[in-house]
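Asker: One structure coming up, written as structure tokens, with questions to follow.
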Amino acid sequence: GAGVSQSPSNKVTEKGKDVELRCDPISGHTALYWYRQSLGQGLEFLIYFQGNSAPDKSGLPSDRFSAERTGGSVSTLTIQRTQQEDSAVYLCASSLISARNEKLFFGSGTQLSVL
Amino acid sequence: AQSVTQLGSHVSVSEGALVLLRCNYSSSVPPYLFWYVQYPNQGLQLLLKYTTGATLVKGINGFEAEFKKSETSFHLTKPSAHMSDAAEYFCAVSDPLGGGYNKLIFGAGTRLAVHP
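So the protein sequences, as listed, match chains G and H. Everything in the first sequence is counted per the working numbering, starting at 65 for the first residue and increasing by one. Everything in the second sequence is counted per the working numbering, starting at 33 for the first residue and increasing by one.
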């Protein structure tokens, strides 16, 4: 596609429910990132995928959070047993290659509200 | 640990006035520095980046930033603000301990308002 696509754009859920957030990176981009944008915390790194390498999960805040990337393309971020503090905008980004100076392309995000 | 500080969570300027958004960083090694802009209901877009070479970096939409090692700063400027510049601006540094990829550490952001 022309850009990074995320779905849904908005998700409202009840505390304790599981949610799945989807990210479609730009075609051909090998690296994929998830970030969380929340009031008071700013933008936080969550997880990074590169090809078939083991992902860098160092930013995941708890074991309720997990992510996978199938076939080196689409990624799903899953939050189990959601809590109110999980309410945030979840941003996905991709880049053509993995390098420290590489430009990241961001999607518009999924606004998650946990009631 | 690397960190980024953006002075001023909100900045307001008149149309046609100078825009100055401040960013200071801490890094144990020569940094890679970025400015991203986020328009309402959109994802972040790269404005400009500094990696090596010339310390004055020009980006899109007339923005530029200067890397000053002695001041550990990377302030963003634009000579004349347009109404369309109203957005949130994020300064970021690439974590040198991030494993060779662009693991960005962001500042808290500065919301720029432009009034007629």
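For glycine and all other residues, C-beta sits at the position ideal for the given N, C-alpha and C.
State the start and end residues of the unbroken beta strand (DSSP E) segment that holds Ala145/H.
Answerer: Here residue 145/H refers to the residue found at position 113 of the second sequence. Start and end: Thr142 to His147.
Asker: With the cut-off set at 8 Å, would you say Ser44/H and Thr104/H are in Cβ contact?
Answerer: In the second sequence, counting from the first residue as 1, residue 44/H sits at position 12. In the second sequence, counting from the first residue as 1, residue 104/H sits at position 72. No. Outside cutoff.
Asker: Closer than 9 Å, Cβ to any Cβ of chain H: which residues of the region 107–140 of chain G, in chain order?
Answerer: If the cut-off is 9 Å between Cβ atoms, the region 107–140 of chain G has Leu107, Glu108, Phe109, Tyr112, Gln114, Asp120, Ser122 and Gly123 near chain H.
Asker: For chain H, check one thing: does any of its Cβ atoms lie closer than 8 Å to the Cβ of Ser172/G?
Answerer: For the purposes of this step, residue 172/G is taken as the residue at position 108 of the first sequence. Yes, its Cβ sits closer than 8 Å to a Cβ of chain H.
Asker: Is Gly141/H close to chain G, meaning its C-beta is less than 8 Å from at least one C-beta of that chain?
Answerer: Taking the second sequence and counting its residues from 1, the one referred to as residue 141/H is at position 109. Yes, contact with chain G.
Asker: Name the DSSP beta bridge partners of Arg133/G, please?
Answerer: Stepping through the first sequence from its first residue, residue 133/G is reached at position 69. For Arg133/G, which the question treats as bridged, DSSP gives the partners Ser139/G.
Asker: Can you name, in chain order, every residue of its own chain whose Cβ lies under 6 Å from the Cβ of Leu88/H, other than the five neighbours on each side?
Answerer: To locate residue 88/H, count along the second sequence from 1; it is residue 56. Excluding positions up to five away in sequence, the list reads Glu98.
Asker: Mind checking if Lys81/H is an interface residue toward chain G, Cβ cutoff 8 Å exclusive?
Answerer: Taking the first residue of the second sequence as 1, we reach residue 81/H at position 49. By this cut-off, Lys81/H is an interface position.
Asker: Which chain H residues are close to Arg164/G, counting only those with a beta carbon under 9 Å from its beta carbon?
Answerer: Taking the first residue of the first sequence as 1, we reach residue 164/G at position 100. Under the 9 Å cutoff, chain H gives Tyr64, Thr83, Ser126, Asp127, Pro128, Gly130, Gly132, Tyr133, Asn134 and Lys135.
Asker: Along the region 68–86 of chain G, where does the CB come closer than 9 Å to a CB of chain H? Name the residues.
Answerer: Listed in sequence order: Val68, Gln70 and Ser73.
Asker: Find the residues of chain G that neighbour Asn73/H, judging by a C-beta separation of less than 8 Å, and give them in chain order.
Answerer: Residue mapping note: residue 73/H aligns to position 41 of the second sequence, counting from 1. Those within 8 Å of Asn73/H in chain G are Ser172.
Asker: Taking the alpha-carbon positions, what's the Thr142/G to Arg133/G distance?
Answerer: Residue mapping note: residue 142/G aligns to position 78 of the first sequence, counting from 1. Residue mapping note: residue 133/G aligns to position 69 of the first sequence, counting from 1. Taking the straight line from one Cα to the other gives about 11 Å.
Asker: One question on the structure: do Asn134/H and Ala163/G come within less than 8 Å of each other, judged by their Cβ atoms?
Answerer: Here residue 134/H is taken as the residue at index 102 of the second sequence, counted from 1. Here residue 163/G is taken as the residue at index 99 of the first sequence, counted from 1. Yes, the Cβ-Cβ distance between Asn134/H and Ala163/G is below 8 Å.
Asker: For chain G, check one thing: does any of its Cβ atoms lie closer than 8 Å to the Cβ of Phe99/H?
Answerer: Here residue 99/H is taken as the residue at index 67 of the second sequence, counted from 1. Cβ-Cβ to chain G under 8 Å: no for Phe99/H.
Asker: Look up Gln70/H in the DSSP assignment and say whether it is helix, strand or coil.
Answerer: Residue mapping note: residue 70/H aligns to position 38 of the second sequence, counting from 1. Three-state DSSP puts Gln70/H in a strand.
Asker: Check the C-beta distance from Ser159/G over to Phe169/G and give it rounded, since I have them as a contact under 8 Å.
Answerer: Against the first sequence, residue 159/G aligns to sequence position 95. Against the first sequence, residue 169/G aligns to sequence position 105. Confirmed, about 7 Å.
Asker: So, do the region 116–130 of chain G and the region 71–80 of chain G have three or more beta carbon pairs nearer to each other than 8 Å?
Answerer: Touching, no.
Asker: Starting from the N-terminal side, write out each stretch of the beta strand (DSSP E) that is 3 residues or longer and does not extend beyond the region 145–174 of chain G.
Answerer: With a minimum length of 3 residues, the continuous beta strand (DSSP E) runs that stay inside the region 145–174 of chain G are 152–159.
Asker: Counting only beta-carbon separations shorter than 8 Å, does Phe122/H have a partner in chain G?
Answerer: Numbered from 1 along the second sequence, position 90 holds the residue referred to as residue 122/H. It does; some Cβ of chain G falls within 8 Å.
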